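Q:
2 protein chains.
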Amino acid sequence: MSQPSAAILIIGDEILSGRTRDANMHYLAGQLTEAGIALKEARVVSDDETAIVDAVKTLSSRYDYLFTSGGIGPTHDDITADCIAKAFDRTIDVRADARDLLAAYYEKEGKEFNEARQRMARIPEGATLIDNPVSVAPGFTLENTHVMAGVPSVFRAMVASVLPGLTGGAPLQSVTQKLLKGEGDVAAPLSQLAQDYPTLSIGSYPFQQDGIYGTNIVLRGTDSKMLTDAKRKLKEIFGDAAHE
Amino acid sequence: MSQPSAAILIIGDEILSGRTRDANMHYLAGQLTEAGIALKEARVVSDDETAIVDAVKTLSSRYDYLFTSGGIGPTHDDITADCIAKAFDRTIDVRADARDLLAAYYEKEGKEFNEARQRMARIPEGATLIDNPVSVAPGFTLENTHVMAGVPSVFRAMVASVLPGLTGGAPLQSVTQKLLKGEGDVAAPLSQLAQDYPTLSIGSYPFQQDGIYGTNIVLRGTDSKMLTDAKRKLKEIFGDAAHE
């Protein structure tokens, strides 16, 4: 079973200015790998309508799933919901169910449910809401695009709501073999191994430890028997240089 | 003086699988901001020729500068240099000066300068080398595109070589004002402030501390007098809720 493909779009000036270090891309990458969905591309764009709309159109049509992070709060630079509506050519307005959720929350908190906060109930026509157990303001799914908050705790909660409903492929598994040889010494045999196992992804990650140059080889694939075979072959090729 | 624009392209399956958390985007973002260059977009793609070539073509033509990270090592999945050559329609081959640098290094290290390591001397026609004081294998600059290593220590050293030679604009400055009000309560006045100061970027970052909801307002711009003005106005608007 082949794996569905996905992209993530991170929205926010604060990431591109270097003020904030994004954490959501790395988190989602790990979650998708476990779910058997292949993350193929990630993009970060600023809080700019044209940039967001263009990226949403491109990525949602190119991949099976698109996940977005950021830009769904109450302030003037939170324009993601409107941009999603525009990208999919939908209308957008305050929706009763989202408004009711937020109204009840702010009443309980003793805070005014003002116009800015009502913006967070703006949902494109035809979307379904994504639950926000942390701070109530919902995300939403429109077609293949899942629109989530940028705040990491909320993003993670929304991913937990969304992922179980998606169709994944066989989860990607990986095995690692540590080699006590530099990357330049393992490159040629690895290239041969990659040709022998065309469906595996083979990565090499050099390290230096106590003055010794080594390389960790990571084999990734969905077929555990093939991974075991390839690792055994790798150990045969490198003999004593294969650690453990 | 307006700021030149830039993009970064991170290349590598290990980032998209979640195995490795990228550090270079955030580092470059901070360095560019200091240099007065506006990072407008970031992308991560896998070690795939079509994906790399397409992204290089798009980003190098859309922005003043493109920086790439990753894929210039000795192994079969290090295809960045060849992809850059293809994107700019240049030939590529082992270049004498790059080969000599590497040959001297491996001789000193007592390691074989084999075919895989010679791949690291493949440089597109017309490029200039970027010094690698950490592990010698050079990066290169072709037209407006700076091709650098993915290993963070090497990436940083290469950024330090490249940045002083680039033309920046006025450095982006920022001032922060802490408000003891929730984001939904500050949104409307902030929107007005953004209209009064159209050349400033105004971001709001909610926080919760000791049970109090507050919002940090970050004003960014290149004109320090305007930033001081805007911050004073912000304090006037919020009175006692403006901290310190």
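Protein chains in written order, with the numbering used here: chain P, 1 to 244; chain Y, 245 to 488.
Cβ atoms here follow ideal geometry from the backbone N, Cα and C, with glycine treated the same way.
Note that this is a predicted model, so its numbers are computed, not measured.
Whose C-alpha, out of P:ALA29, P:VAL53, P:ASP48, is nearest the C-alpha of ARG90 of chain P?
A: Ranking the options by Cα distance to ARG90 of chain P, first place goes to P:VAL53.
Q: Whose C-alpha, out of Y:THR302, Y:LEU471, Y:LEU423, Y:ALA432, is nearest the C-alpha of THR443 of chain Y?
A: Of the candidates Y:THR302, Y:LEU471, Y:LEU423, Y:ALA432, the one whose C-alpha sits nearest the C-alpha of THR443 of chain Y is Y:LEU471.
Q: Please report the Cβ distance between ALA279 of chain Y and PRO377 of chain Y, rounded to the nearest whole angstrom; I am assuming they are in contact, meaning their Cβ atoms lie under 8 Å.
A: Wrong, their Cβ atoms sit about 20 Å apart, outside the cutoff.
Q: Would you say VAL300 of chain Y and LEU253 of chain Y are within 8 Å of each other, going by their C-beta atoms?
A: Going by C-beta atoms, VAL300 of chain Y is nearer than 8 Å to LEU253 of chain Y.
Q: Runs of 4 residues minimum, wholly inside the stretch 386 to 466 of chain Y: which ones carry the alpha helix (DSSP H) assignment?
A: Listed in chain order, they are 396 to 406, 427 to 440.
Q: Terminal residues of the continuous alpha helix (DSSP H) containing GLU34 of chain P?
A: Element bounds for GLU34 of chain P: 24 to 35.
Q: Given SER5 of chain P, which residues of its chain have a CB within under 6 Å of its CB, disregarding the five upstream and five downstream residues?
A: Hits under 6 Å: ALA38, LYS40, TYR63, ASP64.
Q: Below 7 Å CB to CB, which residues in the same chain sit around ALA121 of chain P once its five sequence neighbours on both sides are set aside?
A: Contacts found: VAL94, ARG95, ALA98, ARG99, LEU102.
Q: Could you list the residues in the stretch 174 to 191 of chain P with a C-beta less than 8 Å from some C-beta on chain Y, going in chain order?
A: Against chain Y - using a Cβ distance shorter than 8 Å - the residues of the stretch 174 to 191 of chain P are SER174, GLY182, GLU183, GLY184, ASP185, VAL186, ALA187, ALA188, LEU190, SER191.
Q: Can you list, in chain order, the residues of its chain whose CB lies under 7 Å from that of MET269 of chain Y, leaving out five sequence neighbours each side?
A: Contacts found: ILE252, ILE254, ALA286.
Q: Between which two residues does the beta strand (DSSP E) carrying LYS40 of chain P extend?
A: Note, LYS40 of chain P: beta strand (DSSP E), 38 to 45.
Q: Please tell me whether VAL391 of chain Y and THR324 of chain Y are closer than 8 Å, where the distance is taken between their beta carbons.
A: The answer is yes: Cβ separation under 8 Å.
Q: Would ILE456 of chain Y be called buried (16 or more neighbouring beta carbons within 10 Å of its own) or exposed?
A: The residue is exposed, with fewer than 16 neighbouring Cβ atoms inside 10 Å.
Q: Applying a beta-carbon distance threshold of less than 7 Å, which residues of chain P neighbour THR466 of chain Y?
A: Here the premise fails: no neighbours, minimum Cβ distance about 12 Å.
Q: Assuming LEU424 of chain Y contacts ILE461 of chain Y under a Cβ cut-off of 8 Å, what Cβ separation, rounded to an integer in Å, is found between them?
A: With a Cβ gap of about 12 Å, LEU424 of chain Y and ILE461 of chain Y do not count as contacting.
Q: Suppose you measure from the CA of TYR349 of chain Y to the CA of ALA157 of chain P; what does that come to, to the nearest Å?
A: In a straight line, the C-alpha of TYR349 of chain Y is about 50 Å away from that of ALA157 of chain P.
Q: Establish whether the CB of PRO248 of chain Y and some CB of chain A are separated by less than 8 Å.
A: The chain inventory of the structure shown lacks chain A, comprising the protein chains P and Y.
Q: Verify the CB distance criterion: does ALA42 of chain P have a CB-CB separation below 8 Å to chain Y?
A: Chain Y contact via Cβ: present.
Q: What are the boundary residues of the alpha helix (DSSP H) that includes THR372 of chain Y?
A: Counting along the chain, THR372 of chain Y falls outside any alpha helix (DSSP H), though it belongs to the beta strand (DSSP E) covering 372 to 374.
Q: Can you pull the chain Y neighbours of GLY36 of chain P, defined as C-beta to C-beta under 9 Å?
A: Near GLY36 of chain P there are no residues of chain Y at all, since even the closest Cβ is about 12 Å away, more than 9 Å.
Q: When you compare the CB positions of ILE130 of chain P and PRO124 of chain P, do they come within less than 8 Å of one another, or not?
A: Their beta carbons are not under 8 Å apart, which means ILE130 of chain P does not touch PRO124 of chain P by this criterion.
Q: Would you list, in chain order, the members of the stretch 310 to 330 of chain Y that have their beta-carbon closer than 7 Å to a beta-carbon of chain P?
A: So the list reads GLY317, PRO318, THR319, HIS320, ASP321, given in the order they occur along the chain.
Q: Taking the alpha carbon of GLY18 of chain P as the point to measure from, which residue in P:LEU32, P:GLY30, P:SER46 has its own alpha carbon closest?
A: Answer by Cα proximity: P:SER46.
Q: Output needed for ALA85 of chain P: all residues of its chain with C-beta closer than 7 Å, excluding positions within five of it in sequence on either side, in chain order.
A: These residues qualify, in order along the chain: THR91, ILE92, PRO124.
Q: By DSSP's criteria, PRO124 of chain P is part of a beta bridge. Which residues make up the other side?
A: Looking at the DSSP assignment, PRO124 of chain P forms a beta bridge with P:ILE92.
Q: If I'm right that LEU407 of chain Y touches GLN275 of chain Y with Cβ under 8 Å, what's the distance once you round it to whole angstroms?
A: Their Cβ separation, rounded to whole angstroms, is 6 Å, which keeps LEU407 of chain Y and GLN275 of chain Y in contact under 8 Å.
Q: Taking Cβ-Cβ distances shorter than 9 Å, what residues in chain P pair up with VAL289 of chain Y?
A: Residues of chain P passing the Cβ test: LYS40, GLU41, ALA42.
Q: Would you report the Cα separation of GLN192 of chain P and ILE202 of chain P, rounded to the nearest angstrom?
A: One C-alpha to the other measures close to 11 Å.
Q: DSSP beta-bridge partners for SER313 of chain Y?
A: BP columns for SER313 of chain Y point to Y:ILE254, Y:MET392.
Q: Check whether the Cβ atoms of SER174 of chain P and ARG220 of chain P sit closer than 8 Å, and answer yes or no.
A: Yes, Cβ-Cβ distance for SER174 of chain P and ARG220 of chain P is below 8 Å.
Q: Find out if the Cβ-Cβ distance for the pair LEU185 of chain P, GLU356 of chain Y is shorter than 8 Å.
A: First, the amino acid is wrong: residue 185 of chain P is Asp here, not Leu. Their beta carbons are under 8 Å apart, which means ASP185 of chain P touches GLU356 of chain Y by this criterion.
Q: Is DSSP giving SER249 of chain Y helix, strand or coil here?
A: Three-state result, SER249 of chain Y: strand.
Q: In whole angstroms, what separates the C-alpha of ASN427 of chain Y from that of ASP77 of chain P?
A: Per the sequence shown, residue 427 of chain Y should be read as Glu rather than Asn. GLU427 of chain Y and ASP77 of chain P: Cα-Cα distance of roughly 12 Å.
Q: Can you check whether the C-beta of ARG21 of chain P is within less than 8 Å of a C-beta belonging to chain Y?
A: So, interface residue.
Q: How would you label ALA360 of chain Y, buried or exposed, when you count the other beta carbons within 10 angstroms and need 16 or more for buried?
A: So ALA360 of chain Y counts as buried.
Q: DSSP has ALA486 of chain Y in a bridge; who is on the other side?
A: Answer is Y:LEU423.
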